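Scroll down for the structure; my scribbles are underneath it.
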Amino acid sequence: MKNLKENIQRIKEMMGIINEENNPHNNLITESIEGKRCWYYKKLAGKDYYSDNRVPNPYKGAGDIQDFLIVIGYKISKDWNFGNETATALGTWAYGASKGINTVDKLWAKMNKDGWYVGKTSGFGPDMLQAVADMIVTLCKSLSKTCKIDQQTLFDMDFKVLQPNETECRNNLDKQFNRAVKYWKTYLDTPGFKERIKNKNPLVDNRDIVGKLYDKIFNFYWGIESKPLYGLDILVNYYKESLSKIKGWVFNPNLKGANMSSSNPISVNEKVFCNKDNNEKAYYTFVHEIQHILSELPLNDWDEVKKAYPLSTNSYSDKTSKTKSELGKKQIPLESKNELINNGINYEILAKWASDEFWLGAYWCDRDEKMSNLSNFRAFLVERREITIGGNIPIKTFAKYLKKYISNPDDKELSNDTNFEQIIVCWAQNNFTPKLSQFISELNSLAKDNEDNTEKDYKDPKNINKGNVT
248 MKNLKENIQR
258 IKEMMGIINE
268 ENNPHNNLIT
278 ESIEGKRCWY
288 YKKLAGKDYY
298 SDNRVPNPYK
308 GAGDIQDFLI
318 VIGYKISKDW
328 NFGNETATAL
338 GTWAYGASKG
348 INTVDKLWAK
358 MNKDGWYVGK
368 TSGFGPDMLQ
378 AVADMIVTLC
388 KSLSKTCKID
398 QQTLFDMDFK
408 VLQPNETECR
418 NNLDKQFNRA
428 VKYWKTYLDT
438 PGFKERIKNK
448 NPLVDNRDIV
458 GKLYDKIFNF
468 YWGIESKPLY
478 GLDILVNYYK
488 ESLSKIKGWV
498 FNPNLKGANM
508 SSSNPISVNE
518 KVFCNKDNNE
528 KAYYTFVHEI
538 QHILSELPLN
548 DWDEVKKAYP
558 LSTNSYSDKT
568 SKTKSELGKK
578 QIPLESKNEL
588 INNGINYEIL
598 AKWASDEFWL
608 GAYWCDRDEK
618 MSNLSNFRAF
628 LVERREITIG
638 GNIPIKTFAK
648 YLKKYISNPD
658 DKELSNDTNF
668 EQIIVCWAQN
678 NFTPKLSQFI
688 SELNSLAKDN
698 EDNTEKDYKD
708 PKNINKGNVT
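Take the sequence shown: its position 163, counted from the start at 1, is 410 in our numbering, and no numbers get skipped.
Okay, structure coming up:
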């Protein structure tokens with residue numbers, strides 16, 4: 248009976264469903280898994296990381312080093328960033344807890360003292376990566392000479408190798424997550440984003456030297472406590488730091504119908520994304536969820552969103568509300584009709600589609616969702632080289648996909664991979680108001696600088712191209 252219980256526990260452990268409450272080491276180390284550790288030690292000692300995708304390759308970077316530490320039992324997060332948590336785990340494994348290595352700097356100093364070439368300055372750079380990988384492989388070679396792999400562990404690992412689909416799925420999700428992070432890193436460096444921060448964030452210090460001096464003297468004389476202001480680069484870096492703090496992704500069996508959730512790490516529905524047909528969908532959905540995480544920082548005044556989507560609301564504060572669709576209640580404005588017709592768009596079919604009961608939930612006009620839907624679609628256009636990251640969406644490009652969707656609402660690219668239908672439905676429900684050119688310009692302004700998109704600009708034919716929407 249004892250052996251049966253041990254085997255059941257081992258299978259649970261292997262399948263990743265070990266009960267955390269029963270884990271006596273709730274700080275850093277999971278329960279003893281010496282046989283499994285030895286299996287990995289021998290694999291790394293033999294450099295099997297080149298041929299066996301179950302074996303982390305520490306030379307690849309921080310992510311694989313974290314994978315190695317996790318599979319040998321250390322409870323750390325995988326965030327592809329070699330920070331203090333990773334340094335603590337590695338230092339404990341390599342040198343023992345008594346050495347008190349709990350920061351990157353302390354690990355760097357200890358390795359430097361021991362003769363590893365970790366670079367000239369403290370910090371995890373290319374030299375330290377090489378040194379850490381060399382140290383891991385060297386130590387694995389030493390440990391593999393004396394450790395033993397029990398027969399049950401050999402069975403477990405053989406059983407694991409029979410599940411290539413899971414490994415392939417995880418590798419793809421890692422790849423798509425990294426693509427999404429790279430997309431956002433590039434976007435946060437665009438001039439348009441920086442201009443948007445400069446114009447929209449009240450904490451940006453836009454004063455010149457004379458202005459700063461005047462304010463200092465004026466506030467001192469009148470005894471006024473000035474509000475804190477920050478340089479543009481400081482605030483941009485704040486967004487970048489928030490992006491870097493996203494700790495990857497995890498499978499969450501409780502998501503049920505949802506694809507992903509903007510937790511940290513991002514929760515992923517395994518049933519949806521362990522499917523080859525959804526490889527690209529994973530990328531665009533990661534872009535979508537990262538927008539949700541970053542939207543917690545001040546950027547877009549919600550009044551700005553209402554310029555594009557007058558029906559937008561905060562559905563999460565009122566889950567029972569419905570969209571107040573204007574379709575059928577009054578005439579579609581003539582100029583909205585004319586623009587749709589001129590761009591070859593059948594507004595009658597579109598109006599009928601948007602009037603379906605399915606689209607009347609307030610979620611489809613949620614203001615935060617609109618921003619994530621837009622980020623998703625913009626990433627889609629960037630992949631097809633139809634816009635640059637942070638660039639404007641031309642009206643011809645938008646109209647092309649609008650017509651494509653009308654002709655086939657089940658189109659995989661638009662209905663599965665991107666959020667295009669969710670971008671257009673809330674606008675259509677407001678009687679296609681603002682008209683198409685203004686709507687696209689308002690969408691562009693949400694990703695770039697604070698363009699003047701007032702209604703009067705669009706009544707004047709000379710300004711129809713304002714915002715570069717044609």
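Beta carbons are placed, not taken as given, at the ideal position from N, Cα and C, and that holds for glycine. None of the values given here were measured: they were computed from a predicted structure.
Status (buried if at least 16 other CB within 10 Å, exposed otherwise) for residue i
i      : result
Ile579 : buried
Leu420 : buried
Thr588 : Checking the sequence, you will find Ile at residue 588 rather than Thr. Counting Cβ neighbours within 10 Å, Ile588 comes out exposed, since fewer than 16 surround it.
Gln676 : buried
Lys576 : exposed
Lys367 : exposed
Tyr297 : exposed
Glu536 : buried
Glu415 : exposed
Ser654 : exposed
Asn620 : buried
Ala344 : exposed
Pro708 : At Pro708 the pLDDT is 37, less than 50, meaning the model places this residue with poor confidence and gives no usable figure here.
Gly338 : buried
Thr335 : buried
Within 7 Å, strictly: CB atoms of residue i and residue j
i      : j      : result
Ser542 : Asp436 : no
Asn506 : Asn516 : yes
Phe667 : Phe605 : no
Lys682 : Glu582 : yes
Ala626 : Tyr531 : yes
Leu690 : Ala555 : yes
Ser684 : Ile634 : no
Gly400 : Gly282 : The identity of residue 400 in the sequence shown is Thr, whereas the question assumes Gly. Going by C-beta atoms, Thr400 is nearer than 7 Å to Gly282.
Gly637 : Tyr434 : yes
Lys289 : Ser391 : yes
Asp295 : Val302 : yes
Lys650 : Ile592 : yes
Met358 : Val351 : no
Asn678 : Glu573 : yes
Gln669 : Ala529 : no
Nearest residue (CA-CA) to residue i, options the options
i      : options                        : result
Lys487 : Lys523, Ser514, Asn526, Ile540 : Ile540
Tyr287 : Tyr306, Ala309, Leu316         : Leu316
Gln313 : Lys554, Asn300, Glu332, Thr644 : Glu332
Thr617 : Ile642, Thr665, Gly637         : Note that residue 617 is Lys in the sequence shown here, rather than Thr. If we check each option's Cα against that of Lys617, Thr665 comes out closest.
Val379 : Ser391, Ile481, Leu390, Gly362 : Gly362
Asn695 : Ala341, Ser298, Met358, Lys441 : For the sequence presented, residue 695 should be read as Lys rather than Asn. When each option's Cα is compared against that of Lys695, the closest is Lys441.
Asp613 : Asp550, Tyr485, Tyr342         : Asp550
Gln538 : Asn511, Ser389, Gly575         : Asn511
Cys521 : Pro500, Ser369, Val534         : Pro500
Lys518 : Val497, Val534, His535, Ser509 : Val497
Arg631 : Glu527, Leu479, Asn446         : Glu527
Ile671 : Pro557, Val629, Met404         : Pro557
Ile280 : Asp397, Gly372, Ala336, Gly338 : Asp397
Val534 : Lys553, Lys523, Ser509         : Ser509
Leu628 : Trp340, Tyr648, Ile592         : Tyr648
Trp611 : Phe679, Lys523, Asn561         : Asn561
Ile444 : Ile481, Tyr430, Asn425         : Ile481
Lys571 : Asn585, Asp603, Lys584, Glu586 : Asp603
Val318 : Arg284, Gly293, Ala292         : Arg284
Ser622 : Met375, Leu607, Gly608, Ile640 : Ile640
Val552 : Cys673, Leu479, Pro438         : Cys673
Backbone secondary structure at residue i - three-state DSSP
i      : result
Ile237 : With the chain running from 248 to 717 in the structure shown, residue 237 is simply not present.
Gly608 : strand
Asp613 : strand
Phe371 : coil
Trp496 : strand
Ser688 : helix
Thr560 : strand
Val351 : helix
Ile653 : helix
Val428 : helix
Ile634 : coil
Tyr594 : helix
Tyr364 : coil
Val302 : coil
Ser622 : helix
Ile396 : coil
Ser583 : helix
Check: residue i C-beta below 6 Å from any heavy atom of the ligand SAH
i      : result
Leu390 : Judged by which ligands are present, the structure shown has none, so any question about the ligand SAH falls away.
Residue-level contact to chain B via CB, residue i, 7 Å cutoff
i      : result
Thr665 : Among the chains in the structure shown there is no chain B, since it carries only a single protein chain.
*Is there contact between the region 479-496 and the region 324-338, where contact requires at least three CB pairs shorter than 8 Å?*
yes
*So does the region 379-398 actually touch the region 304-315, counting three or more Cβ pairs closer than 8 Å?*
Short answer: they touch.
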